[in-house]
Amino acid sequence: MLLCLTDGGIALFCVNPTSWQIIVFIYIYIYIYIYIYMGNVHSDKAGQFFNSGHTNNWAVLVCTSRFWFNYRHVANTLSVYRSVKRLGIPDSRIVLMLADDMACNHRNPKPATVFSHKNMELNVYGDDVEVDYRGYEVTVENFLRVLTGRLPASTPRSKRLLSDDRSNILIYLTGHGGNGFLKFQDSEEISNVELADAFEQMWQKRRYNELLFIIDTCQGASMYERFYSPNLMALASSQVGEDSLSHQPDLAIGVHLMDRYTFYLLEFLEDIHPSSTTNMNQLFKVCPKSQCVSTPGHRTDLFLRDPGRVLITDFFGSVRKVEITMETINLSSPMEPLPERINCTVHILYMCINKHIIPTAIIMYYVPRQKLLRDVFPCT
Amino acid sequence: MATAEVERKRGQLAALSIAVVVVLVGVPLWWRTTETYRAWLPVNQINELAELQLQLSVDVEVVFSRGTLMPEQQKKVPFTRTQEEAQKVDDDTTLRYRYESKYRTANIMEEDALKQPTAAEADLSLHTLSASPCGSVVVYVIPETSVLLPQGVDVYIGHRRTAVLRMGAPMSVGKNHKQLLAHLEPRITQVVQVMSFSHTDITAALSDRVRLSPGSKESLADSMRSFKSSPGYEITFSLLNPDPKSHRLDWDIEGAVHSYIQPLLTKLAPLANFSIDSQILYYAMLGVNPRFDSSLEAYTLNADSLAHVINPVEARLGSNAASSNPVLNFLLYVPDAHHSPLYIHDHQKQPVASNAFHSPRWGGIMVYNVNDLYGRGETPLPVNININMEKVMGVFLAQLRLMLGVQSSPAPPGFLVEPCGGAGLADWELDRLMWSRTVENVATATTTITSLAQLLDQIGNIVINDNIASQVSSTVTSLQLAVAELEAGNLGFALQYSKEAILASERAFFDPSLLHLLYFPDDQKFAIYIPLFLPMCVPILLSLIKIASEARQRRKLKQSKKD
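These protein sequences, in sequence, are chains A and B.
According to this note's numbering, the first sequence is numbered sequentially starting from 23.
According to this note's numbering, the second sequence is numbered sequentially starting from 31.
Written as structure tokens, this is what we have:
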């Protein structure tokens with residue numbers, strides 16, 4: 023038997039070896055192959071920056087249930103919120119809708135906390151939670167308004183989904199659902215047809231580049247059955263006819279803390295860091311039937327890219343595309359003196375650092391020259 | 031017997047009259063009270079606009095200076111030529127490009143201007159002579175032997191809308207008119223394409239409408255980098271000082287904005303409104319630990335870690351809560367004393383001259399080292415440092431141009447493009463931007479209005495108020511005017527109309543009243559109406575059937591009586 027080492031099909035040398043020589047030879051060959059492959063991967067990283075086609079990330083996280091015994095739905099949403107923030111999406115790009123306040127609920131034995139693990143290991147409420155829609159503001163109407171952008175003009179920036187055609191959006195819904203609907207606030211429902219139509223309107227206005235839809239409710243797969251817009255990927259915690267079950271009760275708090283699917287999803291996401299290269303195929307394997315009791319489902323036929331090439335951080339994190347600035351402009355003229363004081367308002371923000379009150383931000387808002395507001399905003 | 035007959039007749043009359051009332055009065059009343067108010071929309075015109083046929087016209091003036099023309103060619107001048115080119119982008123979109131070129135000879139003042147020692151000075155004096163309106167191009171042709179342009183440079187593009195083109199050798203050009211045109215026309219077209227628009231630029235502007243697969247990584251990067259057309263932008267300049275104990279920083283941002291940034295923004299005023307903020311953030315660290323490089327005696331950030339710098343900082347940056355305009359952030363980071371100096375390295379591990387990087391559709395960050403402004407251990411902390419705003423604004427201005435889409439692809443070989451300098455923007459760069467923005471606005475407005483019409487058509491029970499109908503009508507009017515102005519070559523008016531069109535279409539599409547909330551499947555509709563109408567209709571129908579069967583029986587009796 024002749025063994026040849028080839029480089030791209032050209033035989034470099036051939037031997038007629040003994041058995042241990044074969045083993046050594048195979049080892050060397052594998053080592054060389056891995057080395058070359060790793061090299062290629064490394065140099066491709068630069069090119070990979072532009073593989074996904076998105077420049078910013080948004081997340082819309084909705085908990086639709088109210089009442090104390092639905093603690094687990096709020097904990098679900100807050101765990102996804104926490105992961106998404108940890109992986110880099112800032113609050114200004116997250117729309118968090120919580121239908122009820124569990125942290126400050128009268129029945130919460132540990133106020134200002136929402137736990138997701140037994141024995142109170144992980145407080146997902148934390149110090150830094152920004153809830154955009156709270157309590158009775160979480161309605162089907164507001165949810166659809168956020169998605170389609172049809173908000174009244176007085177809505178502040180933090181309550182809007184200001185995505186553009188290069189935004190990847192993560193939408194996470196949890197609560198009580200049924201075959202073809204999701205219940206909001208125990209009084210109204212959103213149907214899968216309405217959701218599909220809302221996504222189509224988002225597509226018409228190019229309000230997303232790619233959209234990942236995750237739903238953790240009973241019969242969740244029915245909610246993505248009716249999607250028909252391109253570039254949508256959907257995951258659900260259970261199929262039609264199955265119930266999604268909760269994970270574990272906590273005897274001290276007295277309610278179930280999380281749902282199974284989101285519990286294992288959170289465990290999976292805790293291993294992801296901003297530069298990890300885990301892809302979507304691993305996400306589809308989260309919570310198999312043995313752990314979840316229900317069968318999670320997913321839908322990728324509307325998605326244009328191969329899910330194996332889509333990184334988790336494309337949706338859950340916010341990895342920026344960065345380019346080095348090669349050119350600068352040569353400014354030779356000296357600065358002109360200002361003809362008159364430009365009008366401005368000054369805000370100073372203070373923070374407590376190391377027990378000292380220190381100014382941490384001084385913000386000055388300029389009034390553009392054409393708007394003469396000098397009577398209204400004198401400069402201090 | 032007679033009373034039974036009368037009773038029967040009365041019964042029949044009652045049933046018939048009830049049926050008549052129900053049909054003639056009840057059904058129309060029910061229809062009117064349950065219909066949704068839908069104001070009239072100009073659907074035909076919208077469908078016409080859906081098939082976008084754009085014609086872009088450029089006025090080109092070609093001026094021959096002395097020594098460029100043969101006597102035979104001189105006789106034909108002045109003359110006008112029109113070139114048209116049609117490109118079909120997809121089934122719904124066709125583009126036609128029309129170049130109207132006027133050829134003439136230079137007058138005395140222009141000849142004097144072309145005798146200046148350098149091209150830049152010639153450009154300055156030429157500008158005062160011709161009043162080139164927005165969107166037009168003037169090309170001055172100089173003989174091959176002229177020394178105005180340096181060696182190896184065939185075309186010079188100045189700050190305004192003029193270009194200087196060096197003619198080929200008289201041998202290669204030829205003697206007669208046709209040969210002259212054969213030599214000049216492709217070169218003039220190339221110049222015009224650089225200075226106004228090329229087919230790739232226009233198709234990139236149509237990306238909303240036509241999802242073409244990007245030709246290359248560069249074109250994808252270009253399309254991802256610049257912001258989409260928007261009525262306004264917010265620019266925020268931030269100074270990050272992680273170490274206030276060591277550095278007391280002083281930057282004259284107001285003066286710098288007024289001197290360097292404001293001229294550019296004033297020039298861009300026809301395109302959008304800009305509002306500027308500035309802020310200083312203390313104790314704001316970069317999210318990445320820089321590595322110490324002993325060979326350079328400095329700390330370095332390599333290109334791969336730059337992507338993770340922005341996110342921790344972005345959480346601390348504020349923005350104007352009242353507007354929904356896109357925000358451009360420009361950050362100036364002064365490294366703390368323990369990590370100074372800090373250099374950015376590119377993918378080839380070489381230090382970057384500008385020490386700055388930018389992120390598409392977000393903004394830019396520049397690292398400003400101050401360690402050489404004070405000695406170590408000698409001066410008492412904190413040190414007062416005055417930041418050199420010229421250097422900083424040079425970088426920020428370049429990044430701002432990139433973000434706004436001003437920077438175009440590199441010039442073809444043999445072209446010399448004058449750098450824009452203090453003005454920030456050359457006139458022809460502004461024209462380029464205006465062409466692509468106008469096309470983008472027209473394409474986006476037509477797509478919006480078409481999809482709105484489709485949506486309202488599909489969902490029968492959305493209420494269409496009068497204000498929406500008026501917005502839609504004004505969009506249609508503005509779009510038709512914009513397309514007409516593009517055909518005529520009036521770029522300024524076309525941009526204005528396209529802006530009005532897009533504002534009106536966005537207002538119509540995103541009107542809060544257009545929310546289709548209730549989806550009624552058909553079986554639910556039946557479930558609501560049947561309990562109301564069935565109990566009422568059953569007796570009427572039965573009596574009508576009874577009347578009809580009795581009438582048929584009587585006719586049979588009459589027939590049998592006759593026989």
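Beta carbons: idealized from backbone N, C-alpha and C, even for Gly.
Between K223(A) and L71(B), which are expected to be in contact by the criterion C-beta below 8 Å, what is the C-beta distance as a whole number of angstroms?
-> Reading the sequence as shown, one finds Gln at residue 223(A) and not Lys. Contact flag wrong, Cβ pair sits at about 17 Å.
Name the residue from K107(A), T239(A), D154(A), H139(A) whose alpha carbon lies nearest to the alpha carbon of D275(A).
-> One detail in the question is off: residue 275(A) reads as Ile in this sequence, not Asp. The candidate whose alpha carbon is nearest that of I275(A) is H139(A).
Three or more beta-carbon pairs under 8 Å between the region 218-227 of chain B and the region 162-169 of chain B, yes or no?
-> yes
Does the beta carbon of E349(A) sit closer than 9 Å to a beta carbon anywhere in chain B?
-> yes
Assign C314(A) to buried or exposed, taking buried as 16 or more other Cβ atoms, counted over all protein chains shown, within 10 Å of its Cβ.
-> buried
Leaving out the 5 sequence neighbours to the left and right, which residues in its chain are closer than 7 Å to P310(A) when beta-carbon positions are compared?
-> none
F556(B) classed as buried or exposed, judged by whether at least 16 other C-beta atoms fall within 10 angstroms | exposed
Can you have a look at K132(A) and say buried or exposed, based on whether 16 or more other CB atoms are within 10 angstroms of its CB?
-> exposed
Start-to-end residues for the alpha helix (DSSP H) that takes in A143(B) = 138-144
Any idea what DSSP makes of D231(B), helix, strand or coil?
-> helix
At 7 Å on the CB atoms, spell out the chain B contacts of Q226(A), in chain order.
-> S481
Could you tell me the distance, in whole angstroms, from the CA atom of S251(A) to the CA atom of A218(A)?
-> 8 Å
Can you list the residues of chain A that K297(B) reaches, using a CB-CB cut of under 7 Å?
-> Near K297(B) there are no residues of chain A at all, since even the closest Cβ is about 13 Å away, more than 7 Å.
Residue closest to L509(B), alpha-carbon to alpha-carbon, out of V422(B), D487(B), A534(B), I498(B) = A534(B)
Interface partners of G435(B) on chain E, CB under 9 Å | Of the protein chains in the structure, A and B, none is chain E.
Using DSSP with H/G/I as helix, E/B as strand and the rest coil, what is S389(B)?
-> strand
Whole-angstrom distance between V287(B) and L358(B), CA atom to CA atom | 14 Å
Other residues of its chain near R191(B): CB distance less than 8 Å, five sequence neighbours each side excluded = S162, S166, V167, V168, M225, D457, W458, D461
Exposure of G519(B), with buried meaning 16 or more beta-carbon neighbours within 10 Å | Looking at its Cβ environment, which holds 16 or more other Cβ atoms inside 10 Å, G519(B) is buried.
Does A152(B) come within less than 9 Å of chain A when only Cβ atoms are used?
-> no
Hey, quick one: how far does the alpha helix (DSSP H) through F91(A) stretch, first residue to last?
-> Counting along the chain, F91(A) falls outside any alpha helix (DSSP H), and DSSP gives it neither H nor E.
Sheet register partners of K205(A) (DSSP bridge) | In the DSSP output, where bridge partners are listed per residue, K205(A) has E211(A).
Is it buried or exposed for K227(A), if we count other Cβ within 10 angstroms and need 16 for buried?
-> buried
Cα separation between R128(B) and D121(B)?
-> 21 Å
Compile a chain-ordered list of the residues in the region 162-175 of chain A whose CB is closer than 9 Å to at least one CB of chain B.
-> Result list: V162, E163, L166, R167, T170, G171, R172, L173, P174, A175.
Check whether G424(B) and T86(A) have beta carbons under 9 Å apart = no
Say whether chain A places a C-beta atom closer than 9 Å to the C-beta of W458(B).
-> Against chain A, the CB of W458(B) has no partner CB under 9 Å away; the residue lies outside that interface.
Between N77(B) and L211(B), what straight-line distance do the alpha-carbon atoms span, to the nearest angstrom?
-> 42 Å
Answer with yes or no whether the minimum CB distance from C309(A) to chain B is below 9 Å.
-> no
Would you verify that the beta carbon of M245(A) is, or is not, closer than 9 Å to some beta carbon of chain B?
-> no
If you follow the beta strand (DSSP E) that F94(B) is part of, which residue opens it and which one closes it?
-> 82-94
For the ligand GTP, is there a heavy atom less than 8 Å away from the beta-carbon of A518(B)?
-> Only the bare structure without any ligand can be found here, which leaves the ligand GTP out of the picture.
Give me the Cβ distance between L362(B) and L269(B), rounded to the nearest whole Å; I'm assuming they're in contact under 8 Å.
-> About 5 Å; that satisfies the 8 Å criterion.
Could you tell me the boundaries of the beta strand (DSSP E) in which T480(B) lies?
-> Not the beta strand (DSSP E): T480(B) falls in the alpha helix (DSSP H), residues 457-488.
Under 8 Å Cβ to Cβ from H76(A), same chain only, skipping five residues before and after it: list those, please.
-> R188, S189, N190, N231, E232, D336
Starting from W392(B), find everything on chain A with Cβ-Cβ shorter than 8 Å and list it in chain order.
-> T77, N78, R342
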